[in-house]
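Visitor: This structure is in structure tokens; I'll ask about it shortly.
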Amino acid sequence: MEKQKLSAEASLELISQMINQSKMNLNGKSFNSWIGWGVYTLLLGIAILAIVEFTGVQQWYWLWFLEFVYAIFDCKRNQRQEPKVKTHIDNAIVGIWSALGWLYILTPVAMTFSAIYLQHFWALNMIMPLVLIYTIVGVAFTGVILREKWITAIPVICSISPLYMFAVISSQQFAQWHMVLFMATFFVVMVVPGIILNYKCKRLNK
Amino acid sequence: MKFKELDVLLHSQLRLAVMSILVSVESADFVYIKQQTEATAGNLSVQLEKLQSAGYISIEKGYKGKKPCTTCRITPQGVEAFSNYVEALKSYINK
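Those protein sequence lines, which keep their order, are chains B and Z. Residue numbers for the first sequence follow my numbering, so the first one is 1 and each next one is one higher. Residue numbers for the second sequence follow my numbering, so the first one is 207 and each next one is one higher.
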């Protein structure tokens, strides 16, 4: 930046130019992790369903806990790729997902405890719709913060799926295809907004 | 009409650019500020030190993995000074 005498107009122009440049700096990498989550969950779900189908052993459903493997991998990757700049928007989004992260951990732990020690096996069926609700809330709130109406609308529309699952669980009719519904909903809620946001970030940062 | 006095420390192109970046973000590292302002590393270091000495920004030196990393943040004092500077500029434009 060259040294030159600043007029009042030039100063204000410089200020607005720098503020606009910084505001546009949306970090696309964080949305890659949405796509990663969606694809990993879908592939893991297909693998689990296939194993249960071939072996007939329901205990293989415990493999859903492999979701935590991706969570650890994703956290480590995000720590390594810390962005050069953190905006207030980034901070708000990280805050929301950190709070939801604890719910992702606590829910399966609490439900598993409830099933094993209190013999409330129906509690295990609650994990999937609850995880979907947390994900829907996270993606929708991110959309609100970024003022992206589709990022808010897609998860809100998809909330029909966990609400239906709750209704079915309460009538004690949980079937295996609800797992397919979970995988499909999770994939749509994470991957579609992830792709849209990555595309927008790339266009803004050009 | 009386003009408000401009803050001499902020009335410099590079320092003003740095403050404008930092006022709009939570934190930014040295490399990012250098890219945005297109300043040389030496000049930017000197100007950052001046802003830090005035209490307008805080500088945190750490590591990102194995690489050293300098992170800058605007302080409440810096936000106030920046806001006063913009108010003073307005008085010049609306003369």
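For glycine and all other residues, C-beta sits at the position ideal for the given N, C-alpha and C.
Going by DSSP, name the residue or residues bridged to V285(Z).
Guide: Paired residues: none, contrary to the question.
Visitor: Which residue spans inside the segment 247–292 of chain Z form an unbroken alpha helix (DSSP H) run of at least 4?
Guide: Within the segment 247–292 of chain Z, the complete alpha helix (DSSP H) runs of at least 4 residues are 247–259.
Visitor: What in chain B is Cβ-close to G271(Z), meaning under 7 Å?
Guide: Within 7 Å Cβ-Cβ: R80.
Visitor: Got a sec, what are the start and stop residues for the beta strand (DSSP E) D235(Z) sits in?
Guide: Per DSSP, D235(Z) belongs to the beta strand (DSSP E) from S233 to D235.
Visitor: Answer yes or no: do D213(Z) and Y291(Z) have a C-beta to C-beta separation smaller than 7 Å?
Guide: Yes, these two residues count as a Cβ contact at 7 Å.
Visitor: Using a Cβ cut-off of 7 Å (strictly closer), state whether T87(B) contacts chain Z.
Guide: T87(B) counts as touching chain Z.
Visitor: Do S16(B) and L295(Z) have their CB atoms nearer than 7 Å?
Guide: Going by C-beta atoms, S16(B) is not nearer than 7 Å to L295(Z).
Visitor: Pairing CB atoms from the segment 79–98 of chain B with CB atoms from the segment 40–59 of chain B, are three or more of them under 8 Å?
Guide: The answer is no - the segment 40–59 of chain B does not touch the segment 79–98 of chain B, with fewer than three Cβ pairs under 8 Å.
Visitor: I265(Z) and C278(Z) - do their beta-carbons sit closer together than 7 Å?
Guide: In this structure, I265(Z) lies closer than 7 Å to C278(Z) by Cβ.
Visitor: Just the Cα atoms here: how many angstroms apart are L63(B) and I51(B)?
Guide: Looking at the two C-alpha atoms, the distance is approximately 10 Å.
Visitor: Using a Cβ-Cβ cut-off of 7 Å, state whether G28(B) counts as contacting chain Z.
Guide: Only weak support is given to the placement of G28(B): the predicted model assigns it a pLDDT of 47, under 50, and the value that follows is read from those uncertain coordinates. Chain Z contact via Cβ: absent.
Visitor: Measure the Cβ-Cβ separation of L130(B) and T107(B) and say whether it is below 7 Å.
Guide: Yes.
Visitor: Compute the beta-carbon to beta-carbon distance between A260(Z) and L215(Z), rounded to the nearest angstrom, for a pair I have assumed lies under 8 Å.
Guide: At roughly 5 Å, the Cβ-Cβ gap stays under 8 Å, so A260(Z) and L215(Z) are in contact.
Visitor: Name the residue from V285(Z), N300(Z) and Y298(Z) whose alpha carbon lies nearest to the alpha carbon of A231(Z).
Guide: Reading off the sequence shown, one finds Val at residue 231(Z), where the question assumed Ala. Checking every option, the nearest Cα to that of V231(Z) belongs to V285(Z).
Visitor: Buried or exposed for S233(Z), please, with buried defined as at least 16 other CB atoms from any protein chain shown within 10 angstroms of its CB.
Guide: Buried, because 16 or more other Cβ atoms sit within 10 Å of the Cβ of S233(Z).
Visitor: Which residue marks the beginning of the alpha helix (DSSP H) containing E67(B), and which one marks its end?
Guide: Looking at the DSSP string, the run of the alpha helix (DSSP H) that includes E67(B) is E67 to R80.
Visitor: Using a Cβ-Cβ cut-off of 7 Å, state whether S289(Z) counts as contacting chain B.
Guide: It does not: the Cβ of S289(Z) has no partner Cβ on chain B nearer than 7 Å.
Visitor: Would you list the residues sitting across from V85(B) in a DSSP beta bridge?
Guide: V85(B) is bridged to A234(Z).
Visitor: Quick one: which chain Z residues come within Cβ less than 7 Å of A8(B)?
Guide: Simply L295, Y298 and I299.
Visitor: Take T41(B) as the anchor and find which of A71(B), Q21(B), T87(B) and I19(B) has the nearest alpha-carbon.
Guide: Closest option to T41(B), Cα to Cα, is A71(B).
Visitor: In whole angstroms, give me the CA-to-CA distance for V85(B) and L49(B).
Guide: Distance between the alpha carbons of V85(B) and L49(B): 42 Å.
Visitor: Please report the straight-line C-alpha distance between I105(B) and I127(B), rounded to a whole angstrom.
Guide: Rounded to the nearest angstrom, the two C-alpha atoms are 11 Å apart.
Visitor: Please compile the residues from chain B whose C-beta is within a distance smaller than 9 Å of the C-beta of A260(Z).
Guide: The premise fails here: A260(Z) is roughly 18 Å from chain B at the closest Cβ pair, so nothing lies under 9 Å.
Visitor: Could you give the distance in angstroms between the alpha-carbon of Q79(B) and the alpha-carbon of F31(B)?
Guide: About 15 Å.
Visitor: List, in order along the chain, the chain Z residues whose C-beta lies closer than 7 Å to that of S98(B)?
Guide: Those do not exist, as S98(B) stays about 15 Å from chain Z at its closest Cβ, beyond 7 Å.
Visitor: Under 8 Å, with one C-beta from each stretch per pair, do the segment 184–194 of chain B and the segment 154–164 of chain B reach the 3-pair mark?
Guide: Enough Cβ pairs lie closer than 8 Å, so yes.
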